[in-house]
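The next block holds one structure in the form of structure tokens; read it before the comments.
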Amino acid sequence: MQHNVAELLQSDKFLQEVSVKGWVRTFRANRFIALNDGSTINNIQCVVDFSTTDESILKRITTGAAIAVKGILAESQGKGQSVEIQVSEIEILGDSNPEEYPIQPKKHSLEFLRENAHLRIRTNTFSAVMRVRAALSFAVHKYFTENGFYNFHAPIITGSDAEGAGEMFRVSTLNHENPPKTENGNIDYSEDFFGKETNLTVSGQLEAETYAMALGKVYTFGPTFRAENSNTARHLAEFWMIEPEMAFYDLDANMDLAEDFIKNVIKYVIDNCKDDLAFLNQRYVDEEKAKPADQRSELSLLEKLQFVIDNNFKRVSYTEAIDILRNSKPNKKKKFQYIIEEWGADLQSEHERFLVEKHFKCPVILFDYPAKIKAFYMRLNDDGKTVRAMDVLFPGIGEIVGGSQREERLDVLKEKIKMLGIDEKELWWYLDLRKFGTAVHSGFGLGFERLVQFVTGMGNIRDVIPYPRTPQNAEF
Ligand code: 4AD
Ligand code: MG
């Protein structure tokens, strides 16, 4: 019977014959193979008897080679592992030339590994991150399914711009060297594949709203695209977003859901990814030690995760936050790159991180932002100048969630659209929701990679998605 390494390491079926396939991590003293098959971060030790094994086979047991092993499961004599396999048969399935194989058994830089993204998954760090990512993804579907939400697949190609930021990737089959032109010289998209201008989606929200207004509670979890030229450790041009949308939820209910959801999926990973998190925790602690004292995190990764689960997120209005920031030391001493002067200023990540990491020292939900700095669909408050928006801010990450209560009043929404110069015809179906059975409703978007970053402690978003897409970079 074929086993995997995770099973064998848990097993107490000593003296039984087992077989396993995997990749050689190291081969020591012509005797000890550390074998990994991806089922766990841990390797199983396979002990080869070199007196009975062909010299030609021994030579081919190199780092990276794929092998099949048969042998007897035994309690290990050596330190550091409880079981090992005493090998009786070994087959080389695929050689790996040690001169050429880039992933040597030593510490590689993350930059080097990004250039070898197709092989970096064979390291402990990346296999741990990607197993945690998979577990988080499962936890997301589990949470929503168990709480009465339907998974809704938003279209990836759309004709609408949900966020109105104009940072979209065009989808077109026109000959771009010689596109058809209209009489006034513009590109004639009526001749394009869809007969109109289309783009990759920046958010599934508008379509999710139509489904929430029929199914009650829905969520999307899909790829999202933004053509913003941001070369930061928290931005990708292609990322995955989770967007729940709920009929009859106001902003408070929306904030309650966001908080409960985040705590729940983090708890799932703590309970189900113990070995990977233990490894990532140690890695995080080592990385922090290398930083200057004033930039070091006081908590280990595991302590940070537990802290988020155990404490209420602090809810603060934008107006209160602006007061705090205006009177803060870094603002007065002009240490912020963007000095906060007036109410209405957009918050930069330096401000968000100050609030979370220095002032409140816990996750923060900011709400009731100025209408001017938020998207058109957010519900206007009675003060006429703020909207029912909320952002969840996390330590080390900044904004992890953006959401709002939606404007459900047709006249107010139409007015807003007009003010922003958006063509009403483009949004006819969105406006229809406000004509036929409109109701209070809300939702939010959580950037999946930012969540994975937080949970794994990885500093750069490029290291928590298999193949990062960023400006000037779409290898693989
Ligand atoms: O704040 P955003 O732009 O909100 C929306 O798109 C809403 N339509 C969501 C909704 O209400 N349904 O994006 C939501 C989240 C951000 O908080 C951030 O975590 C993530 O998506 N995000 C990015 N993640 C990685 N790379 C980028 N370029 C991102 N832009 C946004
Ligand atoms: Mg946002």
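Quick note on numbering: the sequence shown equals residues 10 to 485 in our numbering. Note that CB positions come from ideal geometry on N, CA and C, so glycine has one too.
query: Put Ile-474 into one of helix, strand or coil per three-state DSSP.; result: coil
query: What residues in its chain sit with their C-beta under 8 Å from that of Ile-70, if we drop five residues either side in the sequence?; result: Val-33, Phe-36, Ile-42, Val-57, Ile-76, Ile-99 and Ile-101
query: Tell me the DSSP secondary structure of Gln-19 in three-state form.; result: helix
query: Consider the C-beta atom of Asp-432 and the heavy atoms of ligand 2; say whether any pair is separated by less than 8 Å.; result: no
query: If you drop the 5 nearest sequence neighbours on each side, which residues of the same chain put their C-beta closer than 7 Å to that of Gly-5?; result: Absent from the structure is residue 5, since the part of the chain shown begins at 10 and ends at 485.
query: How far does the alpha helix (DSSP H) with Leu-311 in it reach, from first residue to last?; result: 310–319
query: Check for me: the alpha helix (DSSP H) holding Arg-235 runs from which residue to which?; result: First-last for Arg-235: undefined, no H or E at that position.
query: Does the pairing of the region 461–477 with the region 102–112 give three or more beta-carbon distances under 8 Å?; result: no
query: Would you give the residue range spanned by the beta strand (DSSP E) that Phe-453 belongs to?; result: 450–456
query: With respect to 8 Å, is the separation between the Cβ of Thr-465 and the closest non-hydrogen atom of ligand 1 below this value?; result: no
query: Kindly give me the distance between the Cβ atoms of Asp-285 and Arg-140, rounded to whole angstroms, as I take these residues to be in contact under 8 Å.; result: 5 Å
query: With a cut-off of 8 Å on the beta carbons, I'd call Phe-322 and Ile-374 a contact; round off their distance for me.; result: 5 Å
query: Taking Cβ positions, are Thr-395 and Ala-384 nearer each other than 9 Å?; result: no
query: Compare the beta carbon distance of Thr-447 and Arg-418 with 9 Å and say whether it is the shorter of the two.; result: yes
query: Excluding the 5 residues preceding and the 5 following Asn-340 in the sequence, name in chain order all residues of the same chain whose CB lies nearer than 8 Å to its CB.; result: Leu-334, Ile-348 and Ile-349
query: Enumerated in chain order, which unbroken segments of the beta strand (DSSP E) with a length of 3 residues or greater are wholly contained in the region 223–294?; result: 226–234 and 247–256
query: Spatial neighbours of Glu-361 within its chain, please: CB distance less than 7 Å, with the 5 preceding and 5 following residues excluded, ordered by chain position.; result: Leu-402, Gly-407 and Glu-408
query: Have a look at Leu-67, Gln-346 and Val-96 and flag the residue whose alpha-carbon is nearest the alpha-carbon of Lys-30.; result: Val-96
query: Go ahead and pull the three-state DSSP assignment for Val-57.; result: coil
query: If we require 4 or more residues per run, which alpha helix (DSSP H) segments fall completely within the region 114–160?; result: 119–124 and 133–155
query: Use the C-beta contact count for Ile-382: other C-beta atoms within 10 angstroms, 16 or more gives buried, fewer gives exposed.; result: exposed
query: Cα-Cα, which of Lys-226, Val-211 and Glu-200 is closest to Tyr-159?; result: Lys-226
query: Between Leu-260 and Met-399, which are expected to be in contact by the criterion C-beta below 8 Å, what is the C-beta distance as a whole number of angstroms?; result: 6 Å
query: Using the beta-carbon count (16 or more within 10 Å), is Ala-477 buried or exposed?; result: Per the sequence shown, residue 477 should be read as Pro rather than Ala. Its Cβ being crowded by 16 or more others within 10 Å, Pro-477 is buried.
query: Taking C-alpha atoms, which residue in Gln-86, Glu-200 and Ser-48 lies nearest to His-185?; result: Glu-200
query: Could you tell me which residues DSSP puts in a beta bridge with Lys-30?; result: Ala-77
query: Any heavy atom of ligand 2 closer than 8 Å to the Cβ of Glu-254?; result: no
query: Cα-Cα, which of Gly-87, Asp-441 and Ile-279 is closest to Val-317?; result: Ile-279
query: Taking all protein chains shown into account, do 16 or more other C-beta atoms lie within 10 angstroms of the C-beta of Arg-305, making it buried, or fewer, making it exposed?; result: exposed
query: How would you label Ile-166, buried or exposed, when you count the other beta carbons within 10 angstroms and need 16 or more for buried?; result: exposed
query: Taking all protein chains shown into account, do 16 or more other C-beta atoms lie within 10 angstroms of the C-beta of Lys-313, making it buried, or fewer, making it exposed?; result: buried
query: Determine the contact status of Gly-168 and Thr-229, defining contact as a CB-CB distance below 9 Å.; result: no
query: Can you tell me which of the three DSSP states Phe-202 falls into?; result: coil
query: Can you name the start and end residues of the alpha helix (DSSP H) that Lys-68 belongs to?; result: 64–69
query: Bridge partners of Lys-190, per DSSP?; result: Ile-196
query: Specify, as a first and last residue, the run of the alpha helix (DSSP H) that Asp-332 falls within.; result: 327–335
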